[in-house]
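**Student:**
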Amino acid sequence: MTRRRQTGIFLTALAAMLAVAVALQVVRDRAFAFSKVDRRLLYVSNAEVVRRAALSYDALLADVYWIRALQHYGGERQKAGRERHYDLLYPLLDLATTLDPRFTVGYRFGAIFLAEPQPGGAGRPDQAIALLEKGVAFNPNKWDYYHDVGFIYYWNLHNYEKAADWFARGGSLPGAPFWLKSYAAVMLTRGGDRQASRAMWTQIGQNEESDWLRQTAQMRLAQLDALDQIDVLKRIMNEFAARAGQRVQSWQQLARAGAVRGIPVDPSGVPYTLDPNTGAIGVATNSDLWPLPTEPAAAPELGGAAPPVPR
Amino acid sequence: MTTGVVRTIAVSVFRESVRDKVLYNLVFFAVLLIAVSYLLSQLTAGQDMKVIKDLGLAAMSLFGLFIAVFIGIGLVSKEVEKRSIYSLLAKPIRRQEFVIGKYLGLLLTLFVNLAIMAIAYYAVLGAVAWVDGAWFRPHWEAPAVDPALLKAIAMIFLQLAIVVAIALFFSTFSSPMLAAALTFGLYVVGHFNADLKNFETVVDSKPVVYIARALYYLLPNLAPLDVKSEVVHAVPVPATYLLLNTAYAVVYISVVVFAAIFIFARRDFK
């Protein structure tokens, strides 16, 4: 047998054995679900321990934990029709930012993931603030973190005094944009005003370097548009109900009466929902705008001056 | 001491490492970087440049560490085990020339290794920057092909130079296994060294604090040589800091190599 023939037989046998090994794995994985690896596992949760053990490879390990945080967030977010558990999100982000305390995106995007209400996010603005405060402690001159904390107090917690305080502190830092200080004034005077929200999201949309944040701002602005449209639709519906002496049962009923032109759709192009029993109008769960944010309530200083907001 | 002899020994160490296929790690490095940069673009939410920079620097450091330790520990002990030391020392070679030549030879290997890795690293960064284009550029804290990265690479080289000196030192009197364990041990200690300096926050005993402080200055202090994260985040690293680190590394290496020569000169090979 020639050497070339021997090599050929050897390589063929090797490929055949490898194919058998692959086939066996496929059969096993199909037959036994328990061979799945539990991805919701965090071997070490103490960030400081990990940082010390990482020696000089802490930045690389921070990247690994950042990718894991993204996978965890994305994985949970994509789960359809099930309850979403973002319980590993904060520990993973804490690990990433402890390992690399300059990881700006880790703090800022991480805070958004944490603050976003369920099911789109963890619904934990407290953890988002804790993460950003950690960033502030490491880099007290980074105005972006102050802005983000202020925004969470404003948008998620509706605590306008705290929001104003953080905006004012951020605005007084060197290099901070001029509009940050004006946010503080807006918070104290028009905290729950939808127009104030619109102005702030427009500002973010125009000034953010991150495409993702710009897209988020656009989505928020579209949600605010949807809230405006819902207000108008409610008024039309109430007027119709008063005239007809009966509750509106469907959009078709309104359209037939000429009160609306066809079935009204939200800014993403998906028809609004109408509950015939309660008369509640909302965006559909398959809309890009779902769920609509819980709108900030009117600032106490204004009393009833702010326009009525549908709940 | 003749520089010609030292050069000959150094070049032979370099050639031997090339013959031992040490530079094959460069292929792994290049494949790793290219594969990771391709995969990461989908995974990191616009942070691929940071991750590629982190990974490249960490891989340079890690690959270099393995070469420094696993070749360094055999520099002298292998010659003794193979009994080639007898024929070498029978020649007109002084023992200090032998030790210094061995050290410089491995240093040359590491330098060439690191230099080629740096070229591949910059090539990958340039390619990723070209592919990403203007889309991700606003997210970058520093330019993709950032000359400041060379600062981190230079500091990695200094770290490795210290590790080689330590490995060579242990290689002169202990077995390769023990030398490897001790070198890795000192490498780890070198990153925890700052704790020894601030020992008074942990214990009240004055003598213990003084001993810890003495160990802080005696043991290799590698953590300050790590500027990878600073460079990636575009934090300025002053030239004075780099110069002081370089001076420290040169002096520390001289001490360790001198100690290695001292021990090796007194070894009896009869």
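Chains W and Y, in that order, give the protein sequences. For the first sequence, the residue numbers in numbering that gives the first Met the number 0 are 0 to 310. For the second sequence, the residue numbers in numbering that gives the first Met the number 0 are 0 to 269. Don't be surprised by glycine CBs; every beta carbon is placed ideally from N, CA and C.
With a Cβ-Cβ cutoff of 7 Å, do residue 60(Y) and residue 155(Y) count as a contact?
**Tutor:** Counting from 1 along the second sequence, the entry for residue 60(Y) is found at position 61. Counting from 1 along the second sequence, the entry for residue 155(Y) is found at position 156. Yes, they are a contact pair.
**Student:** Cα separation between residue 103(W) and residue 180(W)?
**Tutor:** Counting from 1 along the first sequence, the entry for residue 103(W) is found at position 104. Counting from 1 along the first sequence, the entry for residue 180(W) is found at position 181. Their Cα atoms are separated by approximately 22 Å.
**Student:** Cβ closer than 7 Å: which chain W residues qualify as neighbours of residue 95(Y)?
**Tutor:** Mapped onto the second sequence, residue 95(Y) falls at position 96. By Cβ distance, chain W contributes nothing, its closest Cβ being about 32 Å from residue 95(Y), past 7 Å.
**Student:** Along the chain, where does the beta strand (DSSP E) that runs through residue 272(W) open and close?
**Tutor:** By 1-based counting over the first sequence, the position of residue 272(W) is 273. Taken as a continuous stretch (DSSP letters only), the beta strand (DSSP E) holding residue 272(W) covers 271 to 273.
**Student:** What number of angstroms, rounded off, separates the C-alpha of residue 113(Y) from the C-alpha of residue 21(Y)?
**Tutor:** Numbered from its first residue, the second sequence carries residue 113(Y) at position 114. Numbered from its first residue, the second sequence carries residue 21(Y) at position 22. Looking at the two C-alpha atoms, the distance is approximately 12 Å.
**Student:** Residue 63(Y) by DSSP, collapsed to three states: which one?
**Tutor:** Within the second sequence, the letter at position 64 stands for residue 63(Y). The answer is helix: DSSP assigns residue 63(Y) an H, G or I state.
**Student:** Grab me the residues of residue 252(Y)'s own chain with a C-beta within less than 7 Å of its C-beta, minus the 5 sequence neighbours each way, in chain order.
**Tutor:** The residue labelled residue 252(Y) in the question sits at position 253 within the second sequence. The answer, listed in chain order, is 160, 161, 164.
**Student:** Is it buried or exposed, residue 19(Y), if we count other Cβ atoms within 10 angstroms and call 16 or more buried?
**Tutor:** For the purposes of this step, residue 19(Y) is taken as the residue at position 20 of the second sequence. Exposed.
**Student:** By the criterion of Cβ-Cβ separation under 7 Å, what are the contact partners of residue 106(W) in chain Y?
**Tutor:** Taking the first sequence and counting its residues from 1, the one referred to as residue 106(W) is at position 107. The contacting residues do not exist; residue 106(W) stays about 12 Å from chain Y at best.
**Student:** Tell me, please, which residues DSSP counts as bridged to residue 264(W).
**Tutor:** Locating residue 264(W) in the first sequence gives position 265, counting from the first residue. Partner(s): 270(W).
**Student:** Expressed to the nearest angstrom, what Euclidean distance is found between the alpha-carbon atoms of residue 84(Y) and residue 15(Y)?
**Tutor:** Start at 1 with the first residue of the second sequence, and residue 84(Y) comes out as number 85. Start at 1 with the first residue of the second sequence, and residue 15(Y) comes out as number 16. Residue 84(Y) and residue 15(Y): Cα-Cα distance of roughly 16 Å.
**Student:** In whole angstroms, what is the alpha-carbon distance linking residue 187(Y) and residue 177(Y)?
**Tutor:** By 1-based counting over the second sequence, the position of residue 187(Y) is 188. By 1-based counting over the second sequence, the position of residue 177(Y) is 178. Cα to Cα, the separation comes out at about 15 Å.
**Student:** In chain Y, which residues lie less than 8 Å from residue 56(W) when you measure between Cβ atoms?
**Tutor:** Position 57 of the first sequence, counted from the start, is the residue given in the question as residue 56(W). Ordered by position in chain Y, the residues that pass the 8 Å Cβ test against residue 56(W) are 57, 60, 61.
**Student:** How is residue 92(Y) classed by DSSP in three states: helix, strand or coil?
**Tutor:** On the second sequence, position 93 is the one that residue 92(Y) refers to. In the structure shown, residue 92(Y) sits in coil (DSSP, three-state: anything other than H, G, I, E or B).
**Student:** Mind pulling the chain W residues with CB within less than 7 Å of residue 53(Y)?
**Tutor:** Within the second sequence, the letter at position 54 stands for residue 53(Y). Going along chain W in sequence order, the residues near residue 53(Y) (Cβ under 7 Å) are 58, 59, 62.
**Student:** Chain W partners of residue 196(Y), CB-CB under 7 Å?
**Tutor:** Start at 1 with the first residue of the second sequence, and residue 196(Y) comes out as number 197. Result: empty, since nearest Cβ-Cβ is about 15 Å, beyond 7 Å.
**Student:** How many whole angstroms separate the CB atoms of residue 172(W) and residue 145(W), which I take to be in contact at a CB cut-off of 8 Å?
**Tutor:** The residue given as residue 172(W) occupies position 173 in the first sequence. The residue given as residue 145(W) occupies position 146 in the first sequence. About 7 Å separates the two Cβ atoms, so the contact holds.
**Student:** Only counting the same chain, and skipping five residues up and downstream in sequence, which positions put a Cβ closer than 8 Å to that of residue 116(W)?
**Tutor:** As a working mapping, residue 116(W) is identified with position 117 in the first sequence. The residues are 122, 155, 290, 292, 293.
**Student:** Check the DSSP bridge columns for residue 281(W) and list the partner residues they point to.
**Tutor:** If you number the first sequence from 1, residue 281(W) lands on position 282. Note: residue 281(W) sits in a beta bridge opposite 272(W).
**Student:** At the level of alpha carbons, what is the spacing between residue 104(Y) and residue 153(Y)?
**Tutor:** Walking along the second sequence from the start, residue 104(Y) turns up at place 105. Walking along the second sequence from the start, residue 153(Y) turns up at place 154. Residue 104(Y) and residue 153(Y): Cα-Cα distance of roughly 18 Å.
**Student:** Could you tell me the alpha carbon to alpha carbon distance between residue 92(Y) and residue 17(Y), rounded to whole angstroms?
**Tutor:** In the second sequence, residue 92(Y) corresponds to position 93, counting from 1. In the second sequence, residue 17(Y) corresponds to position 18, counting from 1. Roughly 23 Å separates the two Cα atoms.
**Student:** When Cβ atoms are compared, which residues of the region 92 to 104 of chain W fall closer than 7 Å to chain Y?
**Tutor:** So the close ones are 99, 101, 104.
**Student:** What did DSSP end up calling residue 10(Y) once you bin it into helix, strand or coil?
**Tutor:** Position 11 of the second sequence, counted from the first residue, corresponds to residue 10(Y). In the structure shown, residue 10(Y) sits in a helix (DSSP, three-state: H, G or I).
**Student:** Rounded to the nearest angstrom, what separates residue 218(W) and residue 288(W) at their Cα positions?
**Tutor:** The count along the first sequence starts at 1 and reaches residue 218(W) at position 219. The count along the first sequence starts at 1 and reaches residue 288(W) at position 289. Their Cα atoms are separated by approximately 7 Å.
**Student:** If contacts are defined as beta-carbon pairs under 8 Å, then residue 143(W) and residue 107(W) qualify, I think. What distance do you get, rounded to the angstrom?
**Tutor:** Locating residue 143(W) in the first sequence gives position 144, counting from the first residue. Locating residue 107(W) in the first sequence gives position 108, counting from the first residue. Between residue 107(W) and residue 143(W) the Cβ distance is about 6 Å, and since that is below 8 Å, they are a contact.
**Student:** Short check: CB of residue 94(Y) to CB of residue 248(Y), under 7 Å?
**Tutor:** Counting from 1 along the second sequence, the entry for residue 94(Y) is found at position 95. Counting from 1 along the second sequence, the entry for residue 248(Y) is found at position 249. No, the Cβ-Cβ distance between residue 94(Y) and residue 248(Y) is not below 7 Å.
**Student:** Among 119(Y), 34(Y), 101(Y), which one has its Cα closest to the Cα of residue 76(Y)?
**Tutor:** One-based indexing of the second sequence puts residue 76(Y) at position 77. Selected option, being the one with the closest Cα: 101(Y).
**Student:** Quick one: which residues of the region 212 to 232 of chain Y get their C-beta closer than 9 Å to a C-beta of chain W? List them in chain order.
**Tutor:** Residues 221, 222, 224, 225, 227, 228, 229, 231, 232.
**Student:** Between the alpha carbons of residue 210(W) and residue 63(Y), how many angstroms are there, rounded?
**Tutor:** The residue labelled residue 210(W) in the question sits at position 211 within the first sequence. The residue labelled residue 63(Y) in the question sits at position 64 within the second sequence. For residue 210(W) and residue 63(Y), the distance between alpha carbons rounds to 38 Å.
**Student:** Compare the C-alpha of residue 57(Y) against each of 148(Y), 255(Y), 237(Y), 7(Y) and name the closest.
**Tutor:** One-based indexing of the second sequence puts residue 57(Y) at position 58. Answer by Cα proximity: 148(Y).
**Student:** Distance cutoff 7 Å, beta carbons only. Does residue 50(Y) sit that close to anything in chain W?
**Tutor:** In the second sequence, counting from the first residue as 1, residue 50(Y) sits at position 51. Yes, its Cβ sits closer than 7 Å to a Cβ of chain W.
**Student:** If you draw a straight line from the C-alpha of residue 246(W) to the C-alpha of residue 140(Y), how long is it?
**Tutor:** Taking the first residue of the first sequence as 1, we reach residue 246(W) at position 247. Taking the first residue of the second sequence as 1, we reach residue 140(Y) at position 141. So the alpha carbons of these two residues sit roughly 58 Å apart.
**Student:** Quick one: using the 10 Å Cβ neighbour count with 16 as the cut-off for buried, is residue 143(Y) buried or exposed?
**Tutor:** On the second sequence, residue 143(Y) is found 144 positions in, with the first residue counted as 1. Classification for residue 143(Y): buried.
**Student:** Assuming residue 259(Y) and residue 168(Y) form a contact by the criterion Cβ under 8 Å, report the distance between their Cβ atoms to the nearest whole angstrom.
**Tutor:** Along the second sequence, one-based indexing puts residue 259(Y) at 260. Along the second sequence, one-based indexing puts residue 168(Y) at 169. Going by Cβ atoms, the distance from residue 259(Y) to residue 168(Y) rounds to 4 Å, so yes, they are a contact pair.
**Student:** Classify residue 233(Y) as helix, strand or coil using the three-state DSSP reduction.
**Tutor:** The residue you call residue 233(Y) lines up with position 234 of the second sequence. Residue 233(Y) falls in the coil class under three-state DSSP.
**Student:** By how many angstroms is the C-alpha of residue 269(W) removed from the C-alpha of residue 249(W)?
**Tutor:** Numbered from 1 along the first sequence, position 250 holds the residue referred to as residue 249(W). Numbered from 1 along the first sequence, position 270 holds the residue referred to as residue 269(W). Computed Cα separation, rounded: 16 Å.
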